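Worksheet: one structure, shown below.
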Amino acid sequence: ELIFRKLDSILTKVEEESSATRQSLIEFKQEIRSSYEATQQQDFSLLTEVITEWHAASSFNELLIQWKKHHKSFQQQSSNYIHLLCFNVRGLELRWGEVCLLVEKHHSDILVLGEVGHIDFSLVGAAFSNYGVYYQAGENSHGGVLVLIRKDMTVTRISCALPNVCVIDIHLREPIRIIALYAPASKSWNWTDITSFITEYGLKCP
1 ELIFRKLDSI LTKVEEESSA TRQSLIEFKQ EIRSSYEATQ QQDFSLLTEV
51 ITEWHAASSF NELLIQWKKH HKSFQQQSSN YIHLLCFNVR GLELRWGEVC
101 LLVEKHHSDI LVLGEVGHID FSLVGAAFSN YGVYYQAGEN SHGGVLVLIR
151 KDMTVTRISC ALPNVCVIDI HLREPIRIIA LYAPASKSWN WTDITSFITE
201 YGLKCP
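The numbering of the sequence shown is the UniProt record's numbering, which starts it at 1 and goes up by one.
So, in structure tokens, the structure goes:
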């Protein structure tokens with residue numbers, strides 16, 4: 001209510017201002033009041049729902065299971081979109097600074113790095129402690145694919161023996177399959193070799 005009193009005070013002081021200015025302040029006050037009342041109603045509805053579930057549950061264990069289901073459902077609904085960044089680094093040791101800046105700027109959920117070359121896994125783990133690290137070696141010292149995925153995302157790595165190809169399923173409300181690959185002209189495998197990994201929900205990151 002304090003903010004409403006302050007707005008009323010401002011309205012009193014602008015009696016001599018134009019009617020347009022006064023009307024704008026009145027509308028602004030109404031918007032704030034509407035937003036405040038809507039928030040109050042949401043909080044009351046949530047409290048009512050919690051109390052109802054509390055009294056309806058036959059045991060604390062049943063209540064805990066029910067609330068865990070709500071939490072899981074909320075997590076799935078809030079994960080409709082992911083931010084994925086693909087970057088052919090041509091040697092991670094040479095582009096380390098750029099990669100760190102990209103992660104800091106974009107806060108990507110998934111980072112796919114191709115042609116990474118030599119990797120210091122202890123350094124990667126320390127620099128990207130919030131990410132799970134998935135690596136598939138290449139056919140020479142210049143190749144290799146590195147995939148970084150936020151640790152709070154549920155993933156399953158799919159077995160794949162092809163060099164420079166890393167296949168990962170991400171379990172969102174709708175699953176996504178990431179096929180991260182580095183495919184130089186000298187690769188020993190054919191494109192048909194990856195067809196068994198392609199699904200209707202797949203995403204290829206060359």
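Even glycine gets a Cβ: it sits at the ideal position worked out from N, Cα and C. Computed from a predicted structure; not experimentally measured.
Can you give the beta carbon distance from residue i to residue j, rounded, assuming they're within the 8 Å contact cut?
i	j	result
Lys151	Asn130	6 Å
Gly138	Tyr182	6 Å
So which of the options has the shortest CA-CA distance to residue i?
i	options	result
Gly143	Leu101, Ala161, His118 and Asp109	His118
Glu115	Ala185, Ser196, Trp191 and Thr192	Ala185
Arg90	Tyr134, Val145, Tyr201 and Ile65	Val145
Ala127	Glu139, Val103 and Gly138	Val103
Leu123	Val99, Leu172 and Ala56	Val99
Could you pull out every residue in the same chain whose Cβ sits closer than 6 Å to the Cβ of residue i, ignoring the five residues on either side in sequence?
i	result
Trp189	Leu162
Val155	Ile149, Ile168 and Ile170
Asp109	Ile82, His83 and Arg150
Asn88	Gly114 and Glu115
Cys166	Tyr134, Gln136, Val145, Val147 and Ala180
Ile194	none
Tell me, please, which residues DSSP counts as bridged to residue i.
i	result
Ile168	Arg157 and Ile178
Ile65	DSSP output for Ile65 lists no bridge partner at all.
Leu148	Leu111 and Val133
Among the residues of its own chain, which have a CB less than 8 Å from the CB of residue i, if the five just before and after it don't count?
i	result
Tyr201	Glu174, Pro175, Ile176 and Arg177
Gly121	Before going further, note that residue 121 is Phe rather than Gly in the sequence given. Only Val133 and Tyr135 meet the Cβ criterion.
Lys187	Glu139, Pro163 and Asn164
Asn141	First, the residue type needs correcting, since residue 141 is Ser and not Asn in the sequence shown. Gly117 and His118, listed in sequence order.
His107	His83
Residues in its own chain within less than 7 Å of residue i by CB, not counting five upstream and five downstream?
i	result
Trp191	none
Phe197	Ile158, Cys160, Val167 and Ile179
Glu93	Gly117 and His118
Thr199	Arg177
Arg95	Val89
Gly97	none
Discussion item. Runs of 3 residues minimum, wholly inside the segment 73 to 141: which ones carry the beta strand (DSSP E) assignment?
Written reply: 84 to 88, 110 to 114 and 131 to 136
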